[in-house]
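With the numbering used here applied, the sequence shown covers 993 to 1295.
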Amino acid sequence: MRALVIGGVVIGLASAGTLLLPTPTQAAEGVKLRVAAAAYRDAKGAVIGSPEGIACRGGGLVVLADTGSGRLLEFQFDATGVSARREFSVTQITTPIRVASNSKGELYVLDGKTRRVARLAAAGAFERYVEFPGSSAAAVRSIEVGPKDQLYILDVAAARVVVLDDDGKLERELAFPPEAKFFSDLAANSKGDLFLLDSVGRRVFAAKSGTSVITPLSQSLQDDVDFPVAIAADDAGKLFLADQNGGGIVTVGQDGAFRGRQSSMGWHEGFLRYPSDLCADDKGNLFVADRDNNRIQGFIVAH
């Protein structure tokens, strides 16, 4: 393991061939994660504190919800590792727990204390709170931005997904199916297909682009995950699930097929302690908000 300092950030950079403890199932399926880099501090040397959200902005840029410090941090990922770039702090958001970015670089941020969603300009300035029908009584659990910059809001109080267009107008609503136990996160692919993670039922549900019906996608993953809390979709047909209690990452095909599990609970790079969120970029990289290790970890998705 090599130590690297870029822009004031101490980075542990693993060799490109280092793998995360693949299981026999993984080896058969051929999906592996290679450790790339981890960052623990911002550009000024201040530590990251219990991060709970992460978003990929494209071009190797990643925004981390540094929940414990009440701010957002932007990092750049490239062949040399991860370097800190900017910090975003607004008074309207005190406890960021989820963050999503649209095609213009604007950010949507979910505050864990107020459960309100704020929209920020690309440079980080507060623009407005997101309002939608029934939002006064809403308990927003997560957010996601689709390929046409529509905003998906996971409203667990009203048992629905609210879809707003880029202007904030209601596009449609999707009611939770009766067999779902507790949806904790959602993700969209480049086609606009929506995927929802049932943490208690330990399975994935889906809704095709433009439809308003959510149906089961996977079988129960109870033998493979303890308590999954976050889901991300890539453009290569894969879904990644962050297993919070098991400290691992499970890969599922967008057809619902189990593709393997990697990592386990630990503090060495490549291991996880209560991961809270993840995102997949357009270059085949996966980033994880490694909450109880107070860091962001980057992985290369290999086959």
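Each residue gets a CB set at the ideal place from its N, CA and C atoms; glycine is no exception. The structure displayed is predicted, hence computed values, not measured ones.
Euclidean distance between Cα positions of residue i and residue j
i: residue 1128; j: residue 1170; result: 24 Å
i: residue 1150; j: residue 1238; result: 29 Å
i: residue 1096; j: residue 1139; result: 12 Å
i: residue 1137; j: residue 1074; result: 24 Å
i: residue 1242; j: residue 1023; result: 10 Å
i: residue 1246; j: residue 1181; result: 9 Å
i: residue 1064; j: residue 1079; result: 6 Å
i: residue 1050; j: residue 1214; result: 33 Å
i: residue 1174; j: residue 1193; result: 7 Å
i: residue 1062; j: residue 1104; result: 10 Å
i: residue 1016; j: residue 1162; result: Confidence at residue 1016 is low in this model, with a pLDDT of 34, below 50, so its placement is unreliable and the value that follows should be read with caution. Roughly 46 Å between the two C-alpha positions.
i: residue 1042; j: residue 1236; result: 13 Å
i: residue 1112; j: residue 1121; result: 9 Å
i: residue 1054; j: residue 1160; result: 24 Å
i: residue 1229; j: residue 1254; result: 18 Å
i: residue 1098; j: residue 1212; result: 36 Å
i: residue 1168; j: residue 1191; result: 14 Å
i: residue 1265; j: residue 1038; result: 20 Å
i: residue 1142; j: residue 1115; result: 20 Å
Reference residue i; option with closest CA among the options
i: residue 1058; options: 1048, 1068, 1091; result: 1091
i: residue 1202; options: 1153, 1095, 1231; result: 1153
i: residue 1100; options: 1023, 1126, 1259, 1144; result: 1144
i: residue 1187; options: 1158, 1023, 1224; result: 1224
i: residue 1131; options: 1106, 1198, 1122; result: 1106
i: residue 1262; options: 1247, 1272, 1288; result: 1288
i: residue 1227; options: 1112, 1213, 1273, 1065; result: 1273
i: residue 1052; options: 1166, 1104, 1067; result: 1067
i: residue 1032; options: 1174, 1259, 1177, 1088; result: 1259
i: residue 1077; options: 1102, 1071, 1034; result: 1034
i: residue 1148; options: 1025, 1178, 1210; result: 1178
i: residue 1209; options: 1172, 1070, 1264, 1216; result: 1172
i: residue 1060; options: 1072, 1088, 1037; result: 1088
i: residue 1070; options: 1168, 1160, 1030; result: 1030
Contact under 9 Å by Cβ, residue i with residue j
i: residue 1292; j: residue 1278; result: yes
i: residue 1047; j: residue 1082; result: no
i: residue 1267; j: residue 1249; result: no
i: residue 1166; j: residue 1135; result: no
i: residue 1222; j: residue 1026; result: no
i: residue 1290; j: residue 1028; result: yes
i: residue 1156; j: residue 1176; result: no
i: residue 1283; j: residue 1044; result: yes
i: residue 1244; j: residue 1232; result: yes
i: residue 1094; j: residue 1185; result: no
Proximity test, Cβ basis, 9 Å: residue i and chain D
i: residue 1080; result: Looking for chain D here will not work: only one protein chain is present.
Rounded distance between the beta-carbons of residue j and residue i, thought under 8 Å
i: residue 1146; j: residue 1164; result: Wrong, their Cβ atoms sit about 14 Å apart, outside the cutoff.
i: residue 1198; j: residue 1220; result: Going by Cβ atoms, the distance from residue 1198 to residue 1220 rounds to 15 Å, so no, they are not a contact pair.
i: residue 1240; j: residue 1256; result: 6 Å
i: residue 1040; j: residue 1286; result: 5 Å
Range of the contiguous beta strand (DSSP E) that encloses residue i
i: residue 1159; result: It is not in any beta strand (DSSP E) - residue 1159 carries neither H nor E in the DSSP assignment.
i: residue 1201; result: Looking at the DSSP string, residue 1201 is not in any beta strand (DSSP E), and its letter there is neither H nor E.
i: residue 1103; result: 1099-1103
i: residue 1176; result: 1175-1180
i: residue 1093; result: 1088-1093
i: residue 1243; result: 1240-1245
i: residue 1192; result: Neither: residue 1192 is in no beta strand (DSSP E) and is coded neither H nor E.
i: residue 1144; result: 1143-1147
i: residue 1076; result: 1073-1080
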